[in-house]
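A.B. asks:
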Ligand code: TEU
């Protein structure tokens, strides 16, 4: 048993810190519920379903961007931070959403995208007007190289170059994402002041926190070096030179004034940086999303393949983050799914015969860990990947770019489509399945993107009516977390690292130990009972996804396919 620094536990134990004791429900409003028969979801749809979220047991919602936007990247391209996009509703709808959520005891976390804006934003339109426009320095403009090529060879995260030439002024602007998402220049103080003022404007309207989009990319290496062969340039802006200074400044200017939840989306980061981002003494952020556990099916780091996941790598990565963040006094945001990721049950479980059981198993594996859990809309139903067969089904700018790029690389079309079926962000963006009816009850009109087609079986109405559903299992896990402080504060320890089928770990503290054991395979398996836990007869079942649940006997725990249990032992 490894020793654990006591200091870290003191940080974890602060009961006044609601942010470390909360469960957040993520809403992608565009695909949540349309109340007016339109193709896309709206704020009225979110308001209508707040009781469904409160009943699940969550106490906060995170709304992906609903600001005015040309929707080239579904709202992550903001044209006006102070307006609601008409496709979602009005500022009055937003105010009503805040009021109704608060009345139900739900906090509201808004998505804040400040690494870049849409090229339709007034700042960018002014900036591109001339080299001496007062807004020129709001963005990153650089001269071409001597041969006219882009200032650096950095690649956009959505494929292709990260710079685009503006013919009129003869300079390139930087865009780490789409060409219509121009990176803000955080070196320029007026940018930072404008962003902080805008954030405070939202807090004045009653928002309870922010999810900060790709926030660890805002500080770029001002030397703008060329990326060595085989790299894409991310080493020159990920967790960049002034990132901690900027986040601390943001904290003092915005977050310090109130009890606000801040969660940073961290691209390609590491534990050391995330400890620093989230340790209370740093005065930066409350928690971070990291993505390394969602790359265990990227062989050699390549996302655009249809490879299976590596369970040992998954265990190692998640354990590294659990242990490293605990030891340093940092705090993880826990998640399997979001609007950028394939559905967990299709990716790490079984979306066929064992769909319900494996969805519950995945929930158990995650909700037993230290951190603040996030549930992405539809995850609580065990929603699956989209299963789209033709390119015409896809909507996502990244998927459409990659389709073209992979074909140009000579990958045969059937293979490209197979890759998109496994990897496309649209897997998470199909309409939320409310009923077994037309378009899953998402809209009375024609949805902007097709449903998965399995709404007859997978829908919220059926799940709420069935006490054995994935939905009610999530509810039990959330209640278990509230009733069991060791889930929040206990020291994490991986057991049986080499086991080829089982992801099992301990949570120790508060005079007891939890054993979380999850079979990630479609066949039965056996886990040796850890001898240091003593007599297995003392183990008490806290939750399991099968009835009757596995019981440790004869020095082992026999787990059925995709079975998961949480046991408590008094040591
Ligand atoms: O995503 C950041 C990000 O890097 C991704 O997860 C991205 O989708 C992936 O790397 C593509 O391969 C955030 C948002 O969550 C995403 O929806 C936005 O498109 C992106 O930022 C740009 O704002």
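In the working numbering, the protein residues as written are 4 to 574. All C-beta atoms in this analysis are idealised placements derived from N, C-alpha and C, irrespective of residue type, glycine included.
Quick check on residue 137: buried or exposed, where buried means 16 or more other Cβ atoms within 10 Å of its Cβ?
C.D. replies: Exposed.
A.B. asks: Determine, for residue 37, whether the minimum Cβ-Cβ distance to residues of chain D falls below 9 angstroms.
C.D. replies: No chain D is part of this structure, which consists of one protein chain only.
A.B. asks: Which residues mark the beginning and the end of the beta strand (DSSP E) in which residue 112 is found?
C.D. replies: 110–115 is the extent of the beta strand (DSSP E) around residue 112.
A.B. asks: If you draw a straight line from the C-alpha of residue 14 to the C-alpha of residue 502, how long is it?
C.D. replies: In this predicted model, residue 14 has a pLDDT of only 39, less than 50, meaning its place in the structure is not dependable; the value taken from the coordinates is given anyway. If you take the alpha carbons of residue 14 and residue 502, they lie about 32 angstroms apart.
A.B. asks: Please state the DSSP three-state secondary structure of residue 23.
C.D. replies: Correct three-state label for residue 23: helix.
A.B. asks: Give the straight-line distance between the Cα atoms of residue 515 and residue 574, rounded to the nearest whole angstrom.
C.D. replies: The alpha-carbon atoms of residue 515 and residue 574 are separated by roughly 5 angstroms.
A.B. asks: Would you kindly report the start and end of the unbroken beta strand (DSSP E) that includes residue 119?
C.D. replies: Run containing residue 119: 119–121, per the beta strand (DSSP E) assignment.
A.B. asks: Can you name, in chain order, every residue of its own chain whose Cβ lies under 7 angstroms from the Cβ of residue 532, other than the five neighbours on each side?
C.D. replies: Contacts found: 539, 555, 558, 559, 560.
A.B. asks: Does DSSP put residue 75 in a helix, a strand or coil?
C.D. replies: Reduced to three states, the DSSP call for residue 75 is coil.
A.B. asks: Report the option in 97, 288, 71, 412 whose CA atom is closest to the CA atom of residue 22.
C.D. replies: Comparing Cα-Cα distances from residue 22 to each of 97, 288, 71, 412, the minimum goes to 288.
A.B. asks: Can you tell me whether residue 458 is buried or exposed, with buried defined as 16 or more other CB within 10 angstroms of its CB?
C.D. replies: Counting Cβ neighbours within 10 Å, residue 458 comes out buried, since at least 16 surround it.
A.B. asks: Excluding the five sequence neighbours on either side, which residues of its own chain have a C-beta within less than 7 angstroms of the C-beta of residue 47, listed in chain order?
C.D. replies: 38, 92, 96.
A.B. asks: Can you determine whether any heavy atom of the ligand TEU sits closer than 8 angstroms to the C-beta of residue 398, and answer yes or no?
C.D. replies: For the ligand TEU, not one heavy atom lies less than 8 angstroms from the Cβ of residue 398.
A.B. asks: Give the DSSP-derived three-state secondary structure of residue 192 in the structure shown.
C.D. replies: The answer is helix: DSSP assigns residue 192 an H, G or I state.
A.B. asks: Taking three-plus beta-carbon pairs below 8 angstroms as touching, is the segment 273–292 in contact with the segment 323–330?
C.D. replies: Yes: at least three Cβ pairs fall under 8 angstroms.
A.B. asks: Check for me: the alpha helix (DSSP H) holding residue 594 runs from which residue to which?
C.D. replies: In the structure as shown, the chain begins at 4 and stops at 574. Residue 594 is therefore absent and cannot be evaluated.
A.B. asks: Quick one: what's got a C-beta closer than 6 angstroms to residue 83's C-beta in the same chain, skipping five residues either side?
C.D. replies: Cβ neighbours of residue 83 beyond the five flanking positions: 71.
A.B. asks: As a quick exercise: from 166, 432, 180, pick the residue whose alpha carbon is nearest that of residue 594.
C.D. replies: In the structure displayed, the chain extends from 4 to 574; residue 594 sits before or after that span and is not available.
A.B. asks: Have a look at residue 322 and residue 496 and give me their C-alpha separation to the nearest angstrom.
C.D. replies: So the alpha carbons of these two residues sit roughly 7 angstroms apart.
A.B. asks: When every heavy atom of the ligand TEU is checked, does at least one fall within less than 8 angstroms of the C-beta of residue 291?
C.D. replies: Every heavy atom of the ligand TEU is 8 angstroms or more from the Cβ of residue 291, so no.
A.B. asks: When the Cα atoms are used, what is the spatial distance from residue 119 to residue 181?
C.D. replies: Rounded to the nearest angstrom, the two C-alpha atoms are 10 angstroms apart.
A.B. asks: So, helix, strand or coil for residue 516, using DSSP?
C.D. replies: Three-state DSSP puts residue 516 in a strand.
A.B. asks: Cβ atoms of residue 571 and residue 26: under 9 angstroms apart, would you say?
C.D. replies: No.
A.B. asks: With which residues is residue 293 paired in a DSSP beta bridge?
C.D. replies: Answer by DSSP bridge pairing: none, since residue 293 is not bridged.
A.B. asks: DSSP three-state call for residue 501: helix, strand or coil?
C.D. replies: If DSSP states are grouped into helix, strand and coil, residue 501 belongs with coil.
A.B. asks: Does the segment 251–269 touch the segment 210–217, meaning 3 or more C-beta pairs lie closer than 8 angstroms?
C.D. replies: Yes, since at least three Cβ pairs between the segment 210–217 and the segment 251–269 fall closer than 8 angstroms, the two stretches touch.
A.B. asks: Would you list the one or two residues that DSSP bridges to residue 337?
C.D. replies: Beta-bridge pairing links residue 337 to 376.
A.B. asks: Which one or two residues does DSSP pair with residue 266 in a beta bridge?
C.D. replies: For residue 266, which the question treats as bridged, DSSP gives the partners 214, 290.
A.B. asks: Please indicate yes or no: does the CB of residue 265 lie closer than 8 angstroms to some heavy atom of the ligand TEU?
C.D. replies: No.
A.B. asks: Answer yes or no: the CB of residue 343 versus the heavy atoms of the ligand TEU, is any distance below 8 angstroms?
C.D. replies: Residue 343 Cβ: within cutoff of the ligand TEU.
A.B. asks: Consider the C-beta atom of residue 223 and the heavy atoms of the ligand TEU; say whether any pair is separated by less than 8 angstroms.
C.D. replies: Every heavy atom of the ligand TEU is 8 angstroms or more from the Cβ of residue 223, so no.
A.B. asks: Is there contact between the segment 51–67 and the segment 384–402, where contact requires at least three CB pairs shorter than 8 angstroms?
C.D. replies: No, they do not touch.
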